Amino acid sequence: MATLIKPVSGWGRYPVQSCEIERPERYADLKPSSPTLIARGQGRSYGDAALNENGHVILTERVNRLLLLDVENGILRAESGVTLDEVLNAIVPKGWFLPVTPGTKHVSLGGCVAADVHGKNHHHDGSFGNHVLSIELIKADGSRIECSPENHSDIFWATVGGMGLTGIIGEVTIKLIHIHSSQMMVRHYKTPNLEQIFKLLENPTADDSYTVAWIDSLVSGRELGRGVVMCGHHANDDELPFRIENRYNIKKRHAISIPFNFPAFTLNSFSIRKFNAFYYSHEGKKTSPYLTDYDPYFYPLDGLNNWNRMYGKQGFLQYQCVIPDKTSFEGIKAILETLTNSRHPSFLAVLKRLGAESKGMLSFTMTGYTLALDLPIRDQGIFPLLNRLDQIVMQHGGRVYLAKDARLSPESFHTMYPRYEEWLNVKTLIDPENRFRSSLSQRLKIGETA
């Protein structure tokens with residue numbers, strides 16, 4: 001199969017690395033074809049998880065058939081390259097929805113498994129892997145194995161959250177959730193500080209399975225962590241308008257495209273402070289429950305094509321961490337204080353409550369709180385800042401999300417992921433020559449044996 005050598009990056013556009021790209025057209029062509037390789041779906045991991053510098057990258061975007069949709073029982077099976085957008089277009093008109101969804105629908109089904117993605121409902125429904133019924137995995141020797149929580153469970157849980165390092169995820173079967181309409185019932189709560197945000201997230205209303213908080217990351221003192229908590233649930237029959245013509249209608253949004261890289265000076269402390277003040281005031285006024293389509297609720301940034309260009313051609317880093325419940329408030333507060341005292345403003349700061357820890361051996365989630373920060377790369381000073389944040393996270397027993405990472409050290413990784421040796425035992429069994437590797441795994445020395 002023909003290959004093309006070209007510079008590639010993740011969604012954060014850092015780092016940019018030369019990779020040998022191969023794009024199979026059919027499922028039968030999806031197989032290991034070089035000494036080292038990594039599969040890549042839509043390239044929405046932020047750092048170097050779907051890169052393989054000077055090595056092979058297999059694009060799965062053409063391997064995207066929907067194989068089964070059981071509308072009676074809510075079961076879907078599809079090839080790994082299918083996007084969540086394509087899945088939603090098929091299932092929503094039938095009265096079904098994804099059990100878990102990240103903040104963009106432009107990700108592949110295989111990528112959701114590999115990163116064990118989570119959403120606004122993790123405290124309620126767990127991560128994506130909780131709802132995966134089975135996976136067909138293409139191993140390093142080219143053979144294919146069907147694994148599930150009941151069958152080859154060690155391979156299954158090494159693959160869920162395993163960042164594509166156990167093999168190529170070929171097909172995925174998931175359990176869907178039933179919905180009464182494509183509408184969401186949403187309400188906002190304006191909060192004066194971090195303490196109030198925690199109180200709201202710890203005690204959501206009974207019917208709101210989705211909760212998330214936007215945080216103004218530039219304020220300090222008594223207002224530290226002020227923000228807006230957004231709660232929602234799939235609208236019930238009695239919450240819908242009496243004469244709704246098509247309750248499962250999918251309203252297509254016309255996305256605005258950002259055609260060029262913003263100049264480096266565009267996003268600065270002044271502009272971000274002004275935007276945050278406006279957003280805090282505007283969104284904080286939406287205190288009455290209101291109906292909205294699922295698309296703008298779950299995927300607000302999908303309304304901006306190429307929004308990563310807003311950070312300039314140097315790119316940006318998303319720093320996402322989780323702090324365990326016991327000291328989550330102290331840990332998140334320390335991170336925000338460190339950030340506000342730095343010269344590196346975060347354009348976006350989002351806080352979510354997480355529920356039970358995933359069974360995935362390298363999965364990110366644990367019971368506690370996760371904070372995500374978008375940080376433009378302006379100079380090399382951003383890296384020492386993130387090293388300091390790593391120390392805070394580790395002091396509190398937390399970890400950094402590998403799907404967002406581009407700069408963590410091997411030492412920090414091994415501290416943050418205590419089940420690594422368990423994962424390595426499975427990896428060594430099914431990929432003894434460590435053929436499946438990425439720039440992320442090589443940087444963090446994942447998969448290497450003594």
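Here UniProt numbering is used: the first residue of the sequence shown is 1, the next is one more, and so on. Every residue gets a Cβ at the ideal spot worked out from N, C-alpha and C, and that includes glycine. Small disclaimer: the values here were computed from a predicted structure and weren't measured.
- Looking at the backbone, the Cα of G360 and that of E245 are separated by about 42 Å.
- One thing to note: K404 has its Cβ no nearer than 7 Å to the Cβ of Y14.
- Short of 7 Å from the beta carbon of H254, and not among the five residues preceding or following it, lies no beta carbon of its own chain.
- In the DSSP assignment, L375 is bridged to L317.
- If you draw a 10 Å sphere on the C-beta of Q380, you find fewer than 16 other C-beta atoms in it, and that means exposed.
- In the three-state scheme derived from DSSP, where H, G and I count as helix and E and B as strand, R388 is classed as helix.
- Separation of the CB atoms of L402 and F364 is rounded to 7 Å, and the pair is thereby assigned contact status at 8 Å.
- In this structure the segment 78-92 does not touch the segment 276-284; the number of beta carbon pairs closer than 8 Å is below three.
- Counting the other Cβ atoms within 10 Å of the Cβ of A2 gives fewer than 16, which makes it exposed.
- Within a 10 Å sphere around the beta-carbon of R399 sit 16 or more other beta-carbons, which makes this residue buried.
- Counting along the chain, the unbroken alpha helix (DSSP H) around Y279 starts and ends at S269 to E283.
- For H124, same chain residues with a beta-carbon under 6 Å away, outside a window of 5 residues either side, are S209 in chain order.
- Distances from the alpha-carbon of M416 to those of T292, I392 and S438 put I392 closest.
- DSSP places R77 in the uninterrupted beta strand (DSSP E) bounded by I75 to E79.
- Taking C-beta atoms as the reference points, G129 and S328 fail to come closer than 7 Å.
- V57: member of the beta strand (DSSP E) spanning H56 to L59, first to last residue.
- Exposure of K199 is indicated by the presence of fewer than 16 other C-beta atoms within 10 angstroms of its C-beta.
- A Cβ-Cβ distance of about 4 Å is found for the pair L444 and F413, placing them in contact under the 8 Å criterion.
- The DSSP-derived three-state label of V113 is helix.
- Under the 8 Å Cβ criterion, the segment 26-41 counts as touching the segment 167-178, having at least three qualifying pairs.
- The three-state secondary structure of K175, taken from DSSP, is strand.
- Boundaries of the beta strand (DSSP E) around P7: L4 to S9.
- The residues M184 and V186, in chain order, have a CB closer than 6 Å to that of T292 in the same chain once the five nearest residues on each side in sequence are set aside.
- Put simply, of Q196, L336 and S257 the residue whose alpha carbon is nearest the alpha carbon of L304 is S257.
- Excluding its 5 nearest sequence neighbours in each direction, L59 has C-beta neighbours in its own chain below 6 Å: R23 and R40, listed in chain order.
- Per DSSP, reduced to three states, the secondary structure at E25 is coil, with no helix or strand assignment.
- Straight across, the Cα-Cα distance linking R353 with A264 is about 33 Å.
- In this structure, K427 lies near G447, with their beta-carbon atoms less than 7 Å apart.
- Within the segment 298-346, the complete alpha helix (DSSP H) segments at least 4 residues long are 328-340, listed from N- to C-terminus.
- Remark: C-beta atoms of D431 and A140 approach each other more closely than 7 Å.
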